[in-house]
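S.K.:
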Amino acid sequence: MDPDPRVTYKKLRQQYGDIFSVYIFNKPIIVLNGYSTLRDACVKNADLFSDRPHSTFNDYIVKGKGLSGTSGALWHEQRRFSLNTLREFGAGRNIMQDKIHEEVTNFVKALEAEQGQAFDIKCLVHNAVCNVICSTMFSKRFEYTDPLFMKALNAMDEYFANLGSSGLLNVLPIVRFLPGDPFKFKKTVQSGQTFISLLMEHMIKDHLHTHDGDNIDDFIHAYIKEMRLRKEKEEKTTLDLENLVMVVADLFAAGTETTATIIRWTLVYFLHNPDIQEKCFQEIKRNIGQIRLPSMKDKVNLPYVEATIMEALRRADITPTSLPHTVPHDVQFRGHMFPKGVPVIVMLSSVLHDPDVWGDPENFRPERFLDDTGKIVKKDEFIPFSLGRRVCMGESMARMELFLFLTTMIQRFRFVPVDGQMPSMDAIIGLTYSPRPFLVKAIPRM
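Just so you know, we're using my numbering here: the sequence shown kicks off at 206 and counts up by one.
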């Protein structure tokens with residue numbers, strides 16, 4: 206296989222069609238391609254294609270708990286509670302906007318402190334986005350230089366970077382016994398457990414000591430209250446402390462890594478396309494000015510900025526294969542037999558980069574999301590957050606963060622390359638596809 210699975214699966218699709226299966230060592234995997242096939246499976250047949258396959262790797266690091274790797278009653282109850290709680294705490298509404306504004310202000314100050322010098326923006330972006338999630342999960346934000354915060358985020362970063370190699374464990378479990386840890390299995394487990402113990406377990410323990418059922422101000426307190434309420438009523442439930450650790454870890458990881466990565470990819474595209482960056486700035490300047498912070502109410506007046514963010518989500522394609530799905534029993538689908546438990550790969554990339562849909566998918570062209578009058582065009586095939594029941598739970602929060610962070614960044618700074626050195630357009634392949642390290646200068650706009 207090519208190091209980038211998109212390359213291999215694209216070639217196989219051209220030869221065998223939208224549905225094919227491959228064996229990786231002795232494990233079969235079914236790959237679905239094209240919008241029609243994905244919608245048929247994940248939306249029209251959601252009851253059949255919403256489960257997760259067994260993961261050997263999860264047995265070692267998360268013991269199958271949480272949101273991302275679970276199925277059935279456990280997944281349904283945890284997801285339903287998480288969605289309802291996030292809505293209560295303002296995901297997509299003014300309460301969340303205020304939290305993001307607070308962090309955007311701190312982020313802008315950190316950028317100003319760089320004084321136009323060359324620097325790697327990765328840590329600042331990651332810290333800022335993580336603090337938004339921290340305020341929702343823990344009612345707490347950290348200083349960017351906080352040692353515990355830095356150690357936890359470094360562990361999470363290492364976990365995501367190595368997860369791609371460690372995934373081999375799922376198809377060839379024996380690799381965990383090889384000397385020298387060549388597939389970074391041990392390192393990945395260690396970094397995942399470090400991240401969980403430093404932030405998740407530490408914060409939950411603190412919340413258990415300070416819990417007040419009449420003062421629910423974050424996700425963990427809401428979970429503890431509901432967990433104890435159901436226990437008092439002697440209801441059958443999966444809400445317990447073990448699941449709480451992994452649900453918070455899932456929400457934290459999913460809500461930070463993807464958003465921070467898209468912000469960095471957008472900067473990569475800006476450095477390669479300074480005219481697009483300038484066009485975004487001029488639209489912001491006309492409709493908002495340079496004094497007040499942008500708000501979500503401004504979104505309707507900034508169609509080119511919104512189109513640019515949508516194009517970054519499409520072009521970056523940071524989760525091209527999504528997480529694997531499976532079927533709960535043998536299933537006939539579009540003339541093929543899908544055996545019970547077989548991993549099913551949903552190729553989001555086959556839709557987001559489909560030339561029949563986008564024409565020139567490799568080009569960064571925000572105008573593809575605008576009509577002749579300059580208004581946003583919403584295409585069904587725009588599925589960067591997946592589709593069906595497994596659609597990203599934090600989509601509304603992520604969209605709000607991307608809009609507020611990027612609009613403010615463009616409003617306050619002009620981002621330029623260092624000594625003419627353009628960042629690479631090639632991705633680092635991990636659980637997400639992230640930009641290679643690059644230097645940038647943030648020049649304050651006058």
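Quick reminder that beta carbons are idealized off the backbone N, C-alpha and C, glycines included.
Looking at the secondary structure, which residues open and close the alpha helix (DSSP H) in which residue 318 lies?
M.R.: Element bounds for residue 318: 299-318.
S.K.: Should the stretch 342-360 be called in touch with the stretch 399-409, which here means at least 3 C-beta pairs below 8 Å?
M.R.: Counting Cβ pairs under 8 Å, three or more are found: they touch.
S.K.: Helix, strand or coil: which one does DSSP assign to residue 224?
M.R.: It is a strand residue.
S.K.: Is it true that the CB of residue 551 sits closer than 7 Å to the CB of residue 237?
M.R.: Contact: yes.
S.K.: Which partner residues of residue 256 appear in the DSSP bridge assignment?
M.R.: In the DSSP output, where bridge partners are listed per residue, residue 256 has 531.
S.K.: Can you name the residues that DSSP bridges to residue 542?
M.R.: Looking at the DSSP assignment, residue 542 forms a beta bridge with 537.
S.K.: In whole angstroms, what separates the C-alpha of residue 433 from that of residue 411?
M.R.: The alpha-carbon atoms of residue 433 and residue 411 are separated by roughly 16 Å.
S.K.: Take residue 486 and list the residues in its own chain whose beta-carbon comes closer than 8 Å to its own, dropping the five residues that flank it on each side.
M.R.: Closer than 8 Å at the Cβ level, and outside the excluded window around residue 486, lie 615, 616, 619, 650.
S.K.: Where does residue 570 sit, in a helix, a strand or coil, going by DSSP?
M.R.: Looking at residue 570 - three-state DSSP - the assignment turns out to be coil, as it is neither helix nor strand.
S.K.: Taking only runs of the alpha helix (DSSP H) that begin and end inside the stretch 327-366, which ones reach a length of at least 4 residues, in chain order?
M.R.: The stretch 327-366 contains these whole alpha helix (DSSP H) runs: 327-342.
S.K.: Do you know whose CA, among 597, 494, 562, lies nearest residue 524's CA?
M.R.: Ranking the options by Cα distance to residue 524, first place goes to 597.
S.K.: Compute the Euclidean distance between the alpha carbons of residue 282 and residue 318, then round it to the nearest angstrom.
M.R.: Their backbone Cα atoms lie some 45 Å apart in a straight line.
S.K.: Measuring alpha carbon to alpha carbon, tell me which of 259, 475, 347, 284 ends up nearest residue 334.
M.R.: Residue 334 has its Cα closest to that of 347, out of 259, 475, 347, 284.
S.K.: Between which two residues does the beta strand (DSSP E) carrying residue 619 extend?
M.R.: 618-621 is the span of the beta strand (DSSP E), which, as asked, contains residue 619.
S.K.: Taking all protein chains shown into account, do 16 or more other C-beta atoms lie within 10 angstroms of the C-beta of residue 251, making it buried, or fewer, making it exposed?
M.R.: Answer is exposed; the Cβ neighbour count stays below 16.
S.K.: Could you spell out the range, first to last residue, of the alpha helix (DSSP H) harbouring residue 556?
M.R.: Residue 556 -> alpha helix (DSSP H) spans 554-557.
S.K.: Using 7 Å as the threshold, is the C-beta distance between residue 468 and residue 330 below it?
M.R.: Cβ atoms of residue 468 and residue 330: closer than 7 Å.
S.K.: Rounded to whole angstroms, what's the CA-CA distance from residue 461 to residue 338? Just pull it up for me.
M.R.: When rounded, the distance between both Cα atoms is 7 Å.
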